[in-house]
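Worksheet: the structure to be examined is printed underneath.
Protein chains: 2
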Amino acid sequence: MAEKKFVEEITPMEEDFAQWYTDIVKKAELIEYTSVKGCLVIRPYAYAVWENIQKILDGRFKETGHENVCMPMFIPESLLQKEKDHVEGFAPEVAWVTMGGSEPLEDRLCVRPTSETLFCEHYANIIHSYRDLPKLYNQWVSVVRWEKTTRPFLRTREFLWQEGHTIHATAQEAIDETVQMLNIYADFCEKSLAIPVLKGRKTESDKFAGAEATYAIEALMHDGKALQAGTSHYFGDGFAKAFDITYTNKENKKVNPFQTSWGVTTRLIGAIIMTHGDNRGLVLPPDVAPVQAVIIPIAQHKEGVLERCGALKEELLKAGIRVKLDDSDMSAGWKFSEYEMKGVPVRIELGPRDIEAGNCVIVSRVTGEKTVVSLENIGETVKEALVKAHDDMFARALANREAHTYRCDTLEEIASALAEKGDGFVYAPWCGDEECEDEVKAKAGVGSRCIYDEISVEGKKCVCCGKEAKHNVVWAKAY
Amino acid sequence: MAEKKFVEEITPMEEDFAQWYTDIVKKAELIEYTSVKGCLVIRPYAYAVWENIQKILDGRFKETGHENVCMPMFIPESLLQKEKDHVEGFAPEVAWVTMGGSEPLEDRLCVRPTSETLFCEHYANIIHSYRDLPKLYNQWVSVVRWEKTTRPFLRTREFLWQEGHTIHATAQEAIDETVQMLNIYADFCEKSLAIPVLKGRKTESDKFAGAEATYAIEALMHDGKALQAGTSHYFGDGFAKAFDITYTNKENKKVNPFQTSWGVTTRLIGAIIMTHGDNRGLVLPPDVAPVQAVIIPIAQHKEGVLERCGALKEELLKAGIRVKLDDSDMSAGWKFSEYEMKGVPVRIELGPRDIEAGNCVIVSRVTGEKTVVSLENIGETVKEALVKAHDDMFARALANREAHTYRCDTLEEIASALAEKGDGFVYAPWCGDEECEDEVKAKAGVGSRCIYDEISVEGKKCVCCGKEAKHNVVWAKAY
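Taken in order, these protein sequences are the chains called A and B.
Our numbering numbers the first residue of the first sequence as 4 and each following residue consecutively.
Our numbering numbers the first residue of the second sequence as 4 and each following residue consecutively.
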C-alpha cells in the first residue's frame, strides 16, 4: 500500500536522528542539493515557510519602527579589516572574489558573511547630527560562510537571514534595542513557531566577533541537543570608533554613537523540523505552514463529492485559511501519507456519507486525533483546530524540554543525569572563569549555551572548580 | 528661504539630464555610494518602493500559478559552460570566487549573473515524468554583472531582480508563458507605475544569450531615450538538451521539455525617475509610493492643529492610505520642498482657518494643482486624488512619448526628425538583415529596440537598403 511505502522511506528518529532529519528534508521536498557543497536549493515548499516567517517578523520589525534597506553583497578586504576582533572572527570562513570578468581585482572582495562593516561605512556617510539618530535598519539577504561541515538549514555555506543594524545616541537606547529584539525573537518562536526558548547571554568565549554582549535564544531539539535560534548583539561604541562614525550632539560636541545588530536565519526551519517532526514526517506550526488545512475527498468519483469539496475550499479560503484541495487521482491513503509527510496541521476528509450527514472528519497532524464535526460554521471550527494544533505542539515541545532539563551541582551529577535521562539542558552554577567553562565541556561533553540569571546562584559553588558561583549557566550539546 | 535652497540643489533637467538624475538619486535619499564601484546602498526610501513593486508583481505571479524558490548564488565554472551561447554572453562580465577561507577552490565559482544554469541543473534532478510538469518557478534575489560603466539603478554591478524560470511539456505552452509574462510586465508598468510601454521582440543580435526569442517592454524616458524595462525569453528545448533534462511522456518516451525565463529589476526605479521626475524632484506613482499622502500642519503651534492633523492621519490610515504626518519643527515651506523632492503624490495642508471651515487643501505633486476640499469623507477624496495623480502621470508620459514618436521611411527622415524634435522612438521598416541594423545605428545613431509588428510594412522598403521590408522596427537611443 502506498501509505506504508511512504512511511518506510524515512528512517525512524530513534534509530538515527541525523538520517531521519536528512530524510525529511528530502522527502518533504524542502531542499535539493547542487554541485556546490553546502549551497542548496530551497524548494518552493520550504521557501513558502520562509516567506511566512518573513512576513510575520517583518511586520514586527516595522511596528517597532525599523526600515528595510539593502547593502551590497561585497565587502572590500580593507573595510573588513577595520575592526580587529570582527575580522579575526570572520576572515577564516569567507569566500573571496578575486576576479571581475577577466581582470584581477586590486582590493579583493569578500562575499558578506555579515554586514556590520558595510553598515558602519554607510552610517559614517549619512550620520552627522543628533537629528540623524537613531537609524533602525534591517535587511533580508543571504550571507556566505565557508564552513567545512554542512547540514541543510543548520549549517550551510550560503543561507538566508535578516540582519538588523541599529545606531543610537546613547548606550542605554542601544541596550534597550538589543533586549527588545531578543524579546521579539523569543515571542515569535513561541507564538508563531510553537518552539519554547530560553533567553540568555553568551559567555565571553561565545560572543559575536566585535560585540560587547551577545544575547541568544536557545531551543531544545527532540534529540536533546540545543539549537541557537537567534542572536542580538550590543556593540557599545566599538564599531563606531573603528569606523570613525561621529555625530554632533545637542551640546555641539562630536561624539560616537552606539550600535546593535540582531539576526535570525533559515536555521529556524531546521528548528521546526527537529522540534516538531515525527516518524511520519514534518509537522508545521499553523502560523507558518504554507498549507494549513488539506481537503481529501473520499470516494471522489461519486456524484457530488468533488463539488462539495470545492465549496468547502471556497468557504475556508474566505475564512482566511490557507487551504488546499487535493482532487488528483492518487488514492486517499497516498494523500494521507503525503500531507502527513508535508506536515499540514489539519486534514479534512469529506466523502458521500459525511455529506449526507452534514459532517466532515478533521484529523490533527499533531495528535492524530480524528473528530467528526458539522459542516456548518466550518471556517470557525477549522480555525479552532489550528489554534489547538499550535497549542498541542507547544505543550509537547515544552514537556520534552522539561523532561530533559536537569539541575546539577557537580560534574558527576551532570554525567549521571545525561547518562540516565538522555541529552538535554543542564542548569549548573559557574564561577565565570573560561578555564572552568572549557573543563565542563571537556569532562561532561556539554558546552555553555547561555548565562541564565533567572535562577539565583546565591550560596552555590562552581560546578567545576568549587569556587563561589557567579552565574547560573545552561549547558548542553549543541548544533 | 529653505524652500528655495532645496530646489537650487538639483540641476535642471534641460541643462544636464544625467546630472539631474544623479542629483535626484542623492537628494531624494534613494542611493548612497560605497567604496566598491557599481555596488550601491539601496536606502530605505528606495527599498520601500521596491518592496511595493515586489508585492504587486509577486501577487500577479502567484495568481498565475508561480511559486517562489531560492537557488544558490554561486555557479561552478563547469556548469556555466554547458550552454555555449549562454557562457559566451555572460562569462566576460562575471565576478569569480576563487578562494574559500584561505584555500583556493578547485572549480572556481561565479557569482550568478542570471540563474538559467542553476535552474537547469535543478530541473534535471527533479523532473522525471510528465506528471512533474510544468514547473513555474520564480526567485527574488540579487545578481552580479561586472560592468565597466555604472549608473544608479540603470546599470550597477549588483542589482536586485526577480527571475522567473519555467519548464513545460510543449513548445506552445512555453511560448504562451513567455507572452503571458510579457503582458503582465506591460500591464504592471502601465497600471501601477503609470509608464506606457511598447511590447516587441528583440532582433537576433539583441537576444538573450541562449534564447530562441526575447521579448521586451520598452519605455521612453523624459530625455527621449529608450529604457528596456523588462524581458521575457523563450528557450525552446536548447537548454534542456544542453543540460540533459528529459521526462517520460504519456506515450512512455523520453523527451526534452521546453523552457522560459523572464525578469524585471531595480532598473524600474530608474524608469520611474526618468519618466515622471521634474525639476523639483521625484514624482512617485501612487501604487508604489512609500508615502502616498503627507499631512503638513500649518501654524502647528496653534491650539488644536496637531490634534486635528493626528485625527486626519488616523482616518486616512483606516481608509488604507499610506499616510505620513510631518509634525517636526521644520517650517511648512521646508516640508513642502522636502516632500516634493521625495515625490509624495498628494500633499494635504491643514491649518487653523481650514479647521474652522471644515476643509483642508490638497495639492497634487503631478500638476501642482491646489484644491480646497471638505474634511468630511476625506478618505474617499484622497483616494480619488491618488487615482487622478496616477492618471495624470500616465497621460503626461504618454503625451511625451507621442510627441517624440516619428514614423520614417528613410535615413534622412530619421536624421531630420531627431534633429528637429529631439530624441525619441523612430518607427521605420527593416529588411531583417543584421548589416542594415548596424548601418542604421552607425548612420542615424539609433539602435533597434524591438520588432514591433503591430504596424504593417506591406509595400514598404527597408529604411537602410531599400529592399522589401519584413518588419517594422522601433529604433531609439537607449540606456
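Virtual Cβ for every residue (Gly too), placed ideally from N, Cα, C.
The model shown is predicted, which means the values in this text are computed figures rather than measured ones.
Quiz item: Can we count A/Glu359 as close to the ligand PLP, meaning its CB is less than 6 Å from some heavy atom?
Solution: Here there are no bound small molecules, and the ligand PLP is not part of this structure.
Exercise. Tell me whether the beta-carbon of B/His236 lies closer than 7 Å to the beta-carbon of B/Phe211.
Key: yes
Exercise. To the nearest angstrom, report how far apart A/Trp23 and A/Leu287 are at their CA atoms.
Key: 16 Å
Practice problem: For B/Phe156, decide whether its Cβ has a neighbour in chain A, counting only Cβ atoms nearer than 7 Å. | Solution: no
Practice problem: With DSSP as the reference, please indicate the residues paired to B/Val100 in a beta bridge. | Solution: A/Val100 and B/Leu112
Self-check item: Where the alpha helix (DSSP H) containing A/Pro47 begins and where it ends
Solution: Under the DSSP assignment, A/Pro47 falls in the alpha helix (DSSP H) whose first and last residues are Pro47 to Glu66.
Quiz item: Can you list, in chain order, the residues of its chain whose CB lies under 6 Å from that of B/Lys7, leaving out five sequence neighbours each side?
Solution: With a pLDDT of 47 at B/Lys7, under the threshold of 50, the modelled position of this residue cannot be trusted; read the value that follows with caution. So no residue of the chain qualifies.
Quiz item: For B/Ala222 versus B/Ala174, is the C-beta distance shorter than 7 Å?
Solution: no
Self-check item: Within 7 Å, strictly: CB atoms of A/Val429 and A/Cys411
Solution: yes
Quiz item: Using a Cβ-Cβ distance under 7 Å, would A/Ala98 count as near chain B?
Solution: For A/Ala98, the answer is yes, since a Cβ of chain B falls inside 7 Å of its Cβ.
Self-check item: Within-7 Å CB hit, A/Gly195 to chain B
Solution: It should be pointed out that residue 195 of chain A corresponds to Ser in this sequence rather than to Gly. So, not an interface residue.
Quiz item: Could you give the uninterrupted runs of the alpha helix (DSSP H) lying entirely in the segment 249 to 289 of chain B, keeping only those of 4 residues or more?
Solution: 270 to 279
Quiz prompt | Beta-ladder partner(s) of B/Ala479, from DSSP | solution = B/Gly450
Exercise. Give the secondary structure of B/His474 by DSSP, where H, G and I count as helix, E and B as strand, and everything else as coil.
Key: strand
Exercise. Run the CB neighbour count on B/Met333, radius 10 Å, all protein chains shown included, and call it buried at 16 or more, exposed below.
Key: exposed
Self-check item: Local Cβ density within 10 Å of A/Asn71, reported as buried at 16 or more and exposed below that
Solution: buried
Quiz prompt | A/Leu389, DSSP secondary structure in three states | solution = helix
Exercise. Using a Cβ-Cβ cut-off of less than 9 Å, give me the residues of the segment 401 to 417 of chain A that come near chain B, in sequence order.
Key: Within the segment 401 to 417 of chain A, no residue has a Cβ that lies closer than 9 Å to any Cβ of chain B.
Exercise. Could you spell out where the beta strand (DSSP E) holding A/Ser377 opens and where it closes?
Key: Lys373 to Ser377
Exercise. Determine, using beta-carbon pairs with one atom in the segment 149 to 156 of chain B and one in the segment 175 to 193 of chain B, whether at least three such pairs fall under 8 Å.
Key: no
Quiz item: How big is the Cα-Cα spacing for A/Arg368 and A/Asn380?
Solution: 21 Å
Quiz item: So with Cβ pairs under 7 Å, would you call B/Glu471 a contact of chain A?
Solution: no
Practice problem: Say whether chain A places a C-beta atom closer than 7 Å to the C-beta of B/Val347. | Solution: no
Self-check item: Contact set between the segment 369 to 382 of chain A and chain B, restricted to residues whose Cβ is under 7 Å from the partner
Solution: None of the residues of the segment 369 to 382 of chain A has a beta carbon lying less than 7 Å from any beta carbon of chain B.
Quiz item: Do we get a CB-CB distance below 7 Å when we pair A/Trp149 with the residues of chain B?
Solution: yes
Quiz item: Cα-Cα, which of A/Glu176, A/Ile13 and A/Glu359 is closest to A/Lys138?
Solution: A/Glu176
Practice problem: Please classify B/Asp19: is it buried, with 16 or more other beta-carbons within 10 angstroms of its beta-carbon, or exposed? | Solution: exposed
Practice problem: Note down the Cα distance separating B/Met344 from B/Asp394, rounded to an integer number of angstroms. | Solution: 20 Å
Quiz prompt | B/Leu60, buried or exposed, once every other Cβ within 10 Å from all chains shown has been counted against 16 | solution = buried
Quiz prompt | Near-chain B residues of the segment 77 to 106 of chain A - C-beta to any C-beta below 9 Å | solution = Phe77, Ile78, Pro79, Ser81, Leu82, Ala94, Pro95, Glu96, Val97, Ala98, Trp99, Val100, Thr101, Met102, Gly103, Gly104, Ser105 and Glu106
Quiz item: Is the number of C-beta pairs between the segment 398 to 406 of chain B and the segment 437 to 451 of chain B that are closer than 8 Å three or more?
Solution: no
Practice problem: Could you tell me whether any Cβ in chain A is nearer than 7 Å to the Cβ of B/Thr37? | Solution: yes
Practice problem: Answer yes if the segment 299 to 319 of chain B comes into contact with the segment 347 to 360 of chain B, meaning at least three C-beta pairs across the two stretches below 8 Å, and no otherwise. | Solution: yes
Quiz item: In whole angstroms, what is the alpha-carbon distance linking B/Lys205 and B/Tyr218?
Solution: 6 Å
Practice problem: Could you tell me which chain B residues have their CB closer than 7 Å to the CB of A/Met74, listed as they occur along the chain? | Solution: From the beta-carbon of A/Met74, the residues of chain B found nearer than 7 Å are Val44.
Self-check item: Anticipated Cβ contact below 8 Å, A/Tyr133 with A/Lys253, distance rounded
Solution: The Cβ separation is near 6 Å, so the contact holds.
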